[in-house]
Structure formats: structure tokens, C-alpha cells
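K.L.:
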Amino acid sequence: MKEWIANIFRQPDEQRFPIVWPPEQRAIYDWLAQWSEETGVLPDAAQTLPDEFSPQEDEETLRWAPGALDGAFGHHVARGDNEEQATQVMQAISRVLRRSSSKNMQALYQLAKQDTPLNFIDDLLKMMSASQAIDARRLRALMVFLATQAPDRQVVKLAMALLAFFPYQQSVDLLQTLGSHDEFTLYAVVAMRTILPPGEFTLAWLALAKRTTGWGRIQLIERLPDALDRTVRQWLLREGYNNDVMVEYTAWHCAEYGRLHDALEGEVDAELLKGAAEILLGMISGEPGPGINKYTFAVQACERYLGHILPGSTADLLHYKVAGEIGRLVDDEEFADEAERQRLTALCEQIRILPEWPALIEAGLHDDDAVIFHTALQLCREQGGDPWPAIYQRYREKSESVLWYQLMQTDNPDFIAQVIALAESELDLATLSCGPQKSQGRGPLYQQHSALSFVLQDLNRFPGQGWTLIRTGLKSPMTFSRHKALNALEAWPQALLPAEAVAILAEAKSREPEEEVQARLAQLLEQLVEKH
11 MKEWIANIFR QPDEQRFPIV WPPEQRAIYD WLAQWSEETG VLPDAAQTLP DEFSPQEDEE
71 TLRWAPGALD GAFGHHVARG DNEEQATQVM QAISRVLRRS SSKNMQALYQ LAKQDTPLNF
131 IDDLLKMMSA SQAIDARRLR ALMVFLATQA PDRQVVKLAM ALLAFFPYQQ SVDLLQTLGS
191 HDEFTLYAVV AMRTILPPGE FTLAWLALAK RTTGWGRIQL IERLPDALDR TVRQWLLREG
251 YNNDVMVEYT AWHCAEYGRL HDALEGEVDA ELLKGAAEIL LGMISGEPGP GINKYTFAVQ
311 ACERYLGHIL PGSTADLLHY KVAGEIGRLV DDEEFADEAE RQRLTALCEQ IRILPEWPAL
371 IEAGLHDDDA VIFHTALQLC REQGGDPWPA IYQRYREKSE SVLWYQLMQT DNPDFIAQVI
431 ALAESELDLA TLSCGPQKSQ GRGPLYQQHS ALSFVLQDLN RFPGQGWTLI RTGLKSPMTF
491 SRHKALNALE AWPQALLPAE AVAILAEAKS REPEEEVQAR LAQLLEQLVE KH
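Plus 10 on top of the position in the sequence shown (first one is 1) and you've got the numbering used here.
#1: What is the rounded straight-line gap between the Cα of residue 555 and the Cα of residue 189?
#2: Can you tell me whether residue 50 is buried or exposed? The criterion is at least 16 other CB atoms within 10 Å of its CB, across all chains shown.
#3: For residue 205 and residue 46, what's the separation of their Cα atoms in angstroms?
#4: Express the C-alpha separation of residue 384 and residue 396 in angstroms, rounding to a whole number.
#5: So, helix, strand or coil for residue 5, using DSSP?
#6: Count the other CB atoms, across all protein chains shown, that sit within 10 Å of the CB of residue 343; report buried if there are 16 or more and exposed otherwise.
#7: Should residue 424 go down as buried or exposed, given a rule of 16 or more other Cβ atoms within 10 Å for buried?
#8: Smallest Cα separation from residue 278: which of 296, 164, 317, 404?
#9: Grab me the residues of residue 362's own chain with a C-beta within less than 8 angstroms of its C-beta, minus the 5 sequence neighbours each way, in chain order.
#10: For residue 416, count neighbouring C-beta atoms within 10 Å of its own C-beta (all shown protein chains included) and say buried if the count is 16 or more, exposed if not.
#11: Determine the extent of the alpha helix (DSSP H) in which residue 204 is found, giving its start and end residues.
#12: Go ahead and pull the three-state DSSP assignment for residue 449.
#13: Near residue 350, which residues of its chain fall below 6 angstroms by C-beta distance, leaving aside the five closest residues on each side in sequence?
#14: Can you look up residue 45 in the DSSP assignment and give me helix, strand or coil?
#15: In three-state DSSP terms, what is residue 251?
#16: Shortest alpha-carbon distance to residue 212 belongs to which of 488, 102, 196, 230?
#17: If you reduce the DSSP assignment to three classes, tell me which class residue 100 lands in.
#18: Which same chain residues end up closer than 8 angstroms to residue 434 when comparing Cβ atoms and leaving out the 5 residues on each side of it in sequence?
#19: In whole angstroms, what separates the C-alpha of residue 347 from that of residue 262?
#20: In whole angstroms, what separates the C-alpha of residue 119 from that of residue 140?
#21: Considering only residues of the same chain and omitting the five flanking positions on each side of residue 22, which have a CB-CB separation below 6 angstroms?
#22: Could you tell me the alpha carbon to alpha carbon distance between residue 144 and residue 110, rounded to whole angstroms?
#23: Verify whether the separation of the beta carbon atoms of residue 258 and residue 296 is less than 8 angstroms.
#24: Along the chain, where does the alpha helix (DSSP H) containing residue 115 start, and where does it finish?
#25: Just to confirm, is the Cβ distance from residue 430 to residue 476 under 8 angstroms?
#26: Between residue 127 and residue 167, is the Cβ-Cβ spacing less than 8 angstroms?
#27: How is the alpha helix (DSSP H) around residue 172 delimited, first residue to last?
#28: Would you identify the three-state DSSP class for residue 64, choosing helix, strand or coil?
#29: So is the beta-carbon of residue 525 under 7 angstroms away from any non-hydrogen atom of the ligand SAM?
#30: Count the other C-beta atoms from every protein chain shown that fall within 10 angstroms of the C-beta of residue 494, then say buried if there are 16 or more, exposed otherwise.
#31: Near residue 327, what residues of its chain come up, given a Cβ to Cβ distance below 7 angstroms and the 5 sequence neighbours on each side ignored?
#32: In angstroms, rounded to a whole number, what distance separates the CA positions of residue 448 and residue 412?
#33: Using a 10 Å radius around the Cβ and a threshold of 16 neighbouring Cβ atoms, would you call residue 506 buried or exposed?
#34: Between the C-alpha atoms of residue 426 and residue 399, what's the straight-line distance to the nearest angstrom?
#35: Just the Cα atoms here: how many angstroms apart are residue 534 and residue 500?
#36: Is the beta carbon of residue 170 less than 8 angstroms from the beta carbon of residue 157?
Structure, rendered in C-alpha cells:
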């Protein structure tokens, strides 16, 4: 079918189609074309597409990261039979090709705009391939028109998918420009694999992979070229595995197809060793990726990796962490045979007792780098220490909102008292207690609501502490905060409850919009009245 279409014409067909969207809306292609000559990752300014939500929209509206909706759909949602939807789109395209009236174009545009093409694209491509009634010249012109002029992402994706029928440099150029944004990478790589010969596809694939860091990179790693040369394999192990979503998605592919075990056989540099460490960690973590038990050469890779760490030539806490994870992994009898497990266990033990680690962990607790700091937190706790003073000091110096969770990860009630005092002084409790709503906590105040939630969720371990915060949580517009406030309060002995507690709970019950929370409030009130 592809050859049949391609043989019909050799030059782009100049044809016009009506614009059925507001003229002030900017074409997505026009937006991304500003960076088409660059080879690196798109700048932050390019990430927000012209069809992004307007400021007037509800601040609670869920905003997906670029490519996340299609990525999550492809990984975690089973595709059903969408032949009916594909038929509707096919018929709408056919009507436009026969007569490109505003009415026909509007019908197609609205149909394409409303949903991700992943729902129906496979069926549509089959229908298109089987049809002999399609005017290929008109179809190509229409898809180029939509790919370059449409201001709505789902329409652009549909056009990109159908460009796979047209093996021209123009198609490749359009796909490369659009595919540099994570929202469109999936459609670009699938279409280019169809259009390009294997060698050219590998070059185009690598160029695109270097321009993406989020879901787009994941989609590319999961759709590797059939033949990988050393350049691509080394890139997978040094850079390609890394992404802004989860290394677990890409770790196995990079290890298996990047030949991690071979790369670790000889001398290695710090960059490769770091890549190996993070890939192994990602595979050991497992889901959502295949996991290390699916990696053909897992034992060899682990043993060779540990062999490079053993001389103590690296001062990176990451390697101490990986040695610990491998040590726990070998407890699984299914991972390796007895002799292999003994060798790996011995290597891990030798690495874990190297004398430099305690000082490196202590230094890591005061390192500006967030990754090093959080690695040091984990390792400090594994050794039985409590890194709370370092966390508190870091918050005082940097006010990093992510630290509220870590501040509560202590068993020391005196430390918790300091966290409560910190929250009472740092958070706008009056605003946070504006009254219960059916809110899930997005919007401009999300960080403050999140901070309160992190404190509340661990207060059940410290009955009698944090009443002011619990009271704030009961009046929070965020449903999760009200649940966590109740979790904390349910752990309190009645003797510790302040005099106003019953009245506060009764008021909260009378105003509560969520049935589940209201039922919990009623039950707690009933228990308090019975005990009174």
C-alpha cells in the first residue's frame, strides 16, 4: 500500500483546505519550528504548547506532563476494540478528500481533536491501507496541512501517524520537528520507522533521542532500531537510560540492548560506571519495567560492576547504595545459583565495609546536590542513624518543600515538636483552613497543602502533639488532608484531647461534603460521646 501511494506522485500537491479554528490560535508546528535547527533538548520555553490550558481554566484541572497521557495509556491501560471510532475518522477524512468544505473539515477536526489517536490509530491505519478509494495526493496534502497548521495536539498526532504512508523527506522533517517535543515523540518514531531504511532510521532515532528527556525518550528506548552500533549502545548506557519520569521504564532495554555486561568487562570510566549503577538500580526496583530477572546477563553485569567498585577508587555514595541493593537481591534463590550468590555476597560485603563510606555519608548529608543528599539520607538510616538534624538544617537554609516528608521520618518526639513549630510558623494556616471542599489539592497553594499533609500523615505516631495542625487539617479544602487529620486524631487517647475537640469535630461534620469523611467524623464523635 505504501509503494502504491508513493508511486502516484513525486511532488507535493498544492491544495487548499479551509481553516476551521480561530485564526489567532498558533500552529503547534510553527511554535516548535523555532527550535528545529537545534540538536539538544528543547528549552523550558518550548515545553508549554500553544493549546495548553488557559489561565481562566479551573486551577484544579489535571495537567499531564508532555507525552504522559499517551505514555500511561500505552503502558497501563488495555486497548479495547475501537473499530467504530476508527470508522468514524476514516469516513470524516474521506468526506474532506471528496469535498473540502468548511462543514466537512469542521466535522473531521472536532472528531480528531477530542481524543488521543492511540484509541483508534491501529484500526484506522489498517482501514487506510486496505482502501483503494483514497485519493493519495489529497490525503498527503491534507495530512501535511494538519501537521503544519493545526493548533490542537490530538489533530497533529493523527496527521503524524498518517504521514507514515508518505516516504518523503518532507515527512521526515515534519516528524523530526514535531517529535522533538515529548508530546509527539511516539508518533514520530513509529512513522519514521515505516518511512526510513534501517540505517537512516538509526541516525534519525538517535538524533531524536538526544532531544527528549521525558516520556518521549521512554517511547524511543522502547522502540530501538533493529541494528545498534557501538555509538548507540554506549549512548544507551551513559545517557539514554536517564529520563525525567522513571529509570525503571528504560533500564532493562538499555542493559539488554546496550550490552551492559560486555561494556563492564574491560576498563570503565566514571560516566559508564555511574550509568551502570543507575541502570542496575532501575532493574532491581522492577516495575513498571521488566526488572532484573528478565535481564539475560544480570549476574555477569552485577559481578563485573562490583569488581570495578571494590578497589575503593570511587567516592560516590551511589555505588555504596547499589552494592547494598545487590546484596539484598542475592537473597533471592531464583536470581542466581549458589556459587554465583556466594561470589556476589562476598563482593558486596567487601564493598560495604570499605572505611571511607561513613565519612562520605556524613558529607553527603551536607551536600548541595539533592540526589547526593537524599542518597545519604537513605544510607544513614540503613546504618541505624537519624539524619533529622541535617534535614532540619537544610530546610532552614533552602526551604525545599520536598523536605516536609523527610522531616517527619523520625521517632524522636522532640524533633517532631520542632517540625510542628516550624509548620505553624511557615504555613499560612488561616488560608489552609478555609473550609472543606471536594478538592484534590492542585493549584497555587498546592505546596502548602502538601506540606501540611506530610506533617499530618505521621502525627498518628505522636498522640498529643500537633492539635493546631490537626484542627487546620479538619477544615482544609483538601480531602486528603481531612482524612490524614482524622487518622492522627483517632490515635489520641481521650485524655489528651483539648476541650474544644468535640465542638470542632461537630462543626466539621456539619460542613463536610464528602460522605466517607463525614462518616468517619460521625463515628469518632460517637466514640467520644460514649466515653465522656
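Note that CB positions come from ideal geometry on N, CA and C, so glycine has one too.
Keep in mind it's a predicted model, so treat the numbers as computed, not measured.
P.N.:
Here's the rundown:
#1: With the chain represented from 11 up to 542, any question about residue 555 goes unanswered, as that position is not in the structure.
#2: exposed
#3: So the two alpha carbons sit approximately 20 angstroms from each other.
#4: 13 angstroms
#5: Any property of residue 5 remains undetermined from this structure, which presents the chain solely from 11 to 542.
#6: exposed
#7: exposed
#8: 317
#9: 330, 333, 334, 337
#10: Counting of Cβ neighbours within 10 angstroms places residue 416 among the buried residues, the total reaching 16 or more.
#11: Counted as a single uninterrupted DSSP element, the alpha helix (DSSP H) harbouring residue 204 occupies residues 195 to 205.
#12: In the three-state reduction of the DSSP assignment, residue 449 falls in the strand class, which pools E and B.
#13: 309
#14: helix
#15: coil
#16: 230
#17: helix
#18: 478, 479
#19: 21 angstroms
#20: 23 angstroms
#21: Confidence at residue 22 is low in this model, with a pLDDT of 48, below 50, so the placement of that residue is unreliable and no value is reported for it.
#22: 14 angstroms
#23: yes
#24: 112 to 123
#25: yes
#26: yes
#27: 163 to 172
#28: Any answer about residue 64 is weak, because its pLDDT of 48 lies below 50 and its placement is not dependable; what the coordinates show is given next. Looking at residue 64 - three-state DSSP - the assignment turns out to be coil, as it is neither helix nor strand.
#29: Of the ligands one can find in the structure shown there are none, so the ligand SAM has no counterpart to examine.
#30: The residue is buried, with at least 16 neighbouring Cβ atoms inside 10 Å.
#31: 370, 371, 374, 382, 385, 386, 389
#32: 24 angstroms
#33: By the neighbour-count criterion, in which 16 or more other beta carbons inside 10 Å mark a residue as buried, residue 506 falls on the exposed side.
#34: In a straight line, the C-alpha of residue 426 is about 11 angstroms away from that of residue 399.
#35: Residue 534 and residue 500 have their C-alpha atoms spaced approximately 7 angstroms apart.
#36: yes
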